[in-house]
Amino acid sequence: MEPGETKTFTFKATHPGAYMYHCALSQPWHHVAQGMYGAILVEPRGGLTPVDREYFIMQGEWYTRGSFGDQGHQEFSQTKAFAEQPELFTFNGHASALNQLFRLEAEVGETVRLFFGAGGPNLGSNLHIFGEIFDKVYSGSPETFLANQETYHVPAGSMAAFEFELDVPGNYVLADHALYRMSRGAMGLLLVSGEHDESLYSPPAPRPGE
Amino acid sequence: MEPGETKTFTFKATHPGAYMYHCALSQPWHHVAQGMYGAILVEPRGGLTPVDREYFIMQGEWYTRGSFGDQGHQEFSQTKAFAEQPELFTFNGHASALNQLFRLEAEVGETVRLFFGAGGPNLGSNLHIFGEIFDKVYSGSPETFLANQETYHVPAGSMAAFEFELDVPGNYVLADHALYRMSRGAMGLLLVSGEHDESLYSPPAPRPGE
Amino acid sequence: MEPGETKTFTFKATHPGAYMYHCALSQPWHHVAQGMYGAILVEPRGGLTPVDREYFIMQGEWYTRGSFGDQGHQEFSQTKAFAEQPELFTFNGHASALNQLFRLEAEVGETVRLFFGAGGPNLGSNLHIFGEIFDKVYSGSPETFLANQETYHVPAGSMAAFEFELDVPGNYVLADHALYRMSRGAMGLLLVSGEHDESLYSPPAPRPGE
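If you read the protein sequences in the order shown, they are chains A, B and C. Heads up: the first sequence begins at 1 in this note's numbering, then just goes up one per residue. Heads up: the second sequence begins at 211 in this note's numbering, then just goes up one per residue. Heads up: the third sequence begins at 421 in this note's numbering, then just goes up one per residue.
In structure tokens:
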């Protein structure tokens with residue numbers, strides 16, 4: 001395809017689930033390494049169970065000749081891509097997308113379904129939300145879910161759905177629990193407002209003067 | 211054991227499933243790094259549900275002092291093995307085994323059960339078939355399957371079973387979706403012949419002159 | 421918190437399961453990289469099904485400027501931590517903890533529930549016991565288990581429960597099946613004593629003179 005050109009194809013969605021898509025033109029790894037991918041949701045007949053909030057997030061990793069934090073245009077490093085040693089990570093395409101620019105917001109009492117994918121090109125993500133346990137996680141059909149997940153590994157080239165309920169207000173950190181990736185972009189924020197319930201969580205008393 | 215020697219042991223297979231086997235003589239990592247492993251299937255009583263095709267594939271990674279593509283005998287690199295930085299990947303023992311030498315073949319309408327393992331010695335595989343969604347994936351008992359999987363992570367030292375049905379003809383690429391591994395051997399082809407069904411997939415119209 | 425200071429907080433455990441905990445003070449990766457984490461079990465109402473033995477093991481990896489085997493104090497290497505290239509691995513905090521100092525012991529006929537976690541800071545573990553198949557594995561709720569698992573991937577930042585029964589006496593090796601990690605600490609021993617049952621396993625006959 002040339003720039004500006006459009007093409008149309010049709011297909012019958014035979015398998016409900018959330019999936020990653022990307023072009024498969026030779027060589028697909030180079031295109032995916034430039035962020036050319038997205039997410040598609042195929043709902044089961046009758047739809048998924050209703051929730052108050054749905055979010056779509058895709059993690060990607062980036063192989064640049066320069067180091068994390070270097071400014072300006074960064075050349076692609078094929079050496080680092082082969083070594084699976086990225087310089088930075090993004091949620092939805094920018095290292096600051098969900099922790100500074102577009103933080104997620106919700107209210108206590110709401111139910112959430114987060115579709116989270118690992119675009120790669122190489123690395124999966126170990127999704128965790130600090131302070132939250134996922135009620136259900138499923139990659140593929142919601143009928144074969146896993147319950148009460150703390151951290152779930154999403155392989156490169158796939159999506160999973162994470163369902164949870166917000167019980168306590170606060171600023172929740174979403175992260176790849178390969179923790180050193182957090183410091184290079186694999187991190188977002190979910191700001192939850194609402195009434196605090198001391199019976200669920202009672203923080204330590206502040207020091208005198210705090 | 212000396213070369214040419216044979217030994218016999220017997221065991222009762224108590225857990226149905228598909229498993230990797232390898233020697234555990236000290237030090238097992240060196241033997242596995244030389245490809246000394248295989249796959250064993252223990253069928254449940256009454257057998258697995260019949261399918262039209264069954265394939266067994268094991269991925270392995272190789273740590274050589276030379277680079278991918280170098281010709282002739284390659285010395286083993288313990289440094290790269292400790293760093294988990296292989297030079298090449300194989301499906302069934304050769305980087306060209308399933309994409310050039312012995313391509314898999316099947317027909318539209320057939321059901322397939324693919325047993326896929328990650329021999330390692332270190333790395334798991336993120337199995338994906340471009341253009342296909344797995345109806346069921348199970349590592350271990352078929353009773354605890356996961357439905358509608360796009361990409362499934364098989365840890366080093368294990369097998370999983372992937373069941374799917376072939377709806378549309380074409381050349382399907384099997385790959386580790388850690389995509390840069392594809393370019394160094396982690397890739398095979400499944401050639402599916404048969405009638406095309408436009409109601410399932412209608413490709414873009416060719417350009418004038420194509 | 422200052423050294424020697426204590427603080428108290430309370431919370432209602434709303435999700436049964438086994439979980440990893442760690443401080444989330446900025447920057448959590450540095451604290452986790454120093455081993456500041458642990459395991460917590462929230463039993464479902466009525467408790468988990470009784471077993472004869474329960475063990476808690478957490479794997480961690482360590483990023484030192486020196487190499488594996490160097491003696492004395494080792495400085496932390498941030499470069500290796502970012503590259504996810506550790507020098508050594510531990511089960512419960514010491515590279516010799518469970519293979520030399522405190523080997524696990526059990527008897528033939530006993531049932532075991534092993535809670536195994538991957539503290540990280542970066543790497544998951546591919547838990548395998550040489551010579552054993554896990555009857556059930558669950559990360560989170562025991563209701564959504566996977567049966568007959570050979571090797572199970574525990575992501576960094578989580579725990580899983582592994583249930584199995586001991587049929588044959590012997591010295592069983594527990595390991596991260598990313599095999600080269602075994603040689604740098606990711607390994608423990610479970611010594612199982614009791615009657616040998618030839619109908620379950622009959623080893624090869626010894627050579628004359630052995």
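Backbone N, C-alpha and C define an ideal beta-carbon position, used for all residues, glycine too. Please read these numbers as outputs of a predicted model, since none were measured by experiment.
Nearest neighbour of residue i, chosen from the options [CA to CA]
i	options	result
Ala293 (chain B)	C:Gly529, C:Phe488, C:Ala515	C:Phe488
Asp596 (chain C)	B:Ala243, B:Ile343, B:Phe325, B:Pro365	B:Pro365
Glu353 (chain B)	B:Ala396, B:Thr289, B:Glu253, B:Gly398	B:Glu253
Tyr172 (chain A)	A:Met182, A:Ser183, A:Leu189, A:Ser158	A:Leu189
Asp407 (chain B)	B:Gly380, B:Glu215, B:Gly329	B:Gly380
Asn568 (chain C)	B:Ala357, B:Thr218, B:Tyr348	B:Tyr348
Thr571 (chain C)	C:Gly424, C:Ser578, C:Ala598, C:Glu525	C:Ala598
Thr321 (chain B)	B:Arg313, B:Val261, B:Ser335, B:Gln310	B:Val261
Glu163 (chain A)	A:Met58, A:His128, A:Arg181	A:His128
Pro541 (chain C)	C:Gln479, C:Gly492, C:Ala459, C:Tyr621	C:Gln479
Asp490 (chain C)	C:Ser446, C:Ala515, C:Glu474	C:Ala515
Ser578 (chain C)	C:Met440, C:Phe429, C:Thr428	C:Met440
Beta-ladder partner(s) of residue i, from DSSP
i	result
Tyr475 (chain C)	C:Leu534
Ala359 (chain B)	With the sequence shown as reference, residue 359 (chain B) is identified as Gln, and Ala is not the correct amino acid for it. BP columns for Gln359 (chain B) point to B:Phe344.
Trp272 (chain B)	B:Leu298
Val593 (chain C)	C:Leu609
Ala33 (chain A)	Beta-bridge pairing links Ala33 (chain A) to no other residue.
Glu527 (chain C)	C:Ser613
Thr430 (chain C)	A:Ser202
Val364 (chain B)	B:Ser335
Phe41 (chain A)	This sequence places Leu at residue 41 (chain A); Phe is not what is there. Leu41 (chain A) pairs with A:Ala18.
Glu583 (chain C)	C:Arg533, C:Lys556
Gly330 (chain B)	B:Gly270
is_contact[residue i, chain B] using C-beta, thresh 8 angstroms
i	result
Glu615 (chain C)	no
Pro3 (chain A)	no
Trp62 (chain A)	no
Gln505 (chain C)	yes
Interface flag, residue i vs chain A, CB-CB below 8 angstroms
i	result
Met440 (chain C)	yes
Asn546 (chain C)	no
Gln494 (chain C)	no
Pro436 (chain C)	yes
Gly577 (chain C)	yes
Leu389 (chain B)	yes
Val557 (chain C)	no
Phe372 (chain B)	no
Asn358 (chain B)	yes
Alpha-carbon spacing of residue i relative to residue j, whole angstroms
i	j	result
Glu165 (chain A)	Leu98 (chain A)	20 angstroms
Tyr63 (chain A)	Arg465 (chain C)	48 angstroms
Ala371 (chain B)	Lys556 (chain C)	17 angstroms
Ala415 (chain B)	Phe11 (chain A)	14 angstroms
Leu41 (chain A)	Gly404 (chain B)	29 angstroms
Gly467 (chain C)	Ala433 (chain C)	14 angstroms
Phe565 (chain C)	Pro413 (chain B)	41 angstroms
Phe340 (chain B)	Leu384 (chain B)	7 angstroms
Ala18 (chain A)	Trp29 (chain A)	21 angstroms
Gln295 (chain B)	Ala81 (chain A)	12 angstroms
Met36 (chain A)	Arg103 (chain A)	23 angstroms
Gln284 (chain B)	Thr300 (chain B)	15 angstroms
Met607 (chain C)	Arg207 (chain A)	43 angstroms
Leu298 (chain B)	Gly395 (chain B)	6 angstroms
Asn126 (chain A)	Gln34 (chain A)	22 angstroms
Ile267 (chain B)	Gly303 (chain B)	9 angstroms
Pro213 (chain B)	His241 (chain B)	15 angstroms
Ala526 (chain C)	Val588 (chain C)	11 angstroms
Ser183 (chain A)	Gln498 (chain C)	12 angstroms
Leu543 (chain C)	Gly38 (chain A)	26 angstroms
Buried versus exposed, by CB contacts within 10 Å (16 or more), residue i
i	result
Met421 (chain C)	exposed
Thr216 (chain B)	exposed
His573 (chain C)	buried
Gly350 (chain B)	buried
Tyr390 (chain B)	buried
Ala444 (chain C)	exposed
Arg323 (chain B)	buried
Cutoff 8 angstroms: residue i Cβ touching any chain C Cβ
i	result
Pro204 (chain A)	yes
Thr151 (chain A)	yes
Ala81 (chain A)	no
Tyr201 (chain A)	yes
Phe130 (chain A)	yes
Met182 (chain A)	yes
Ile133 (chain A)	yes
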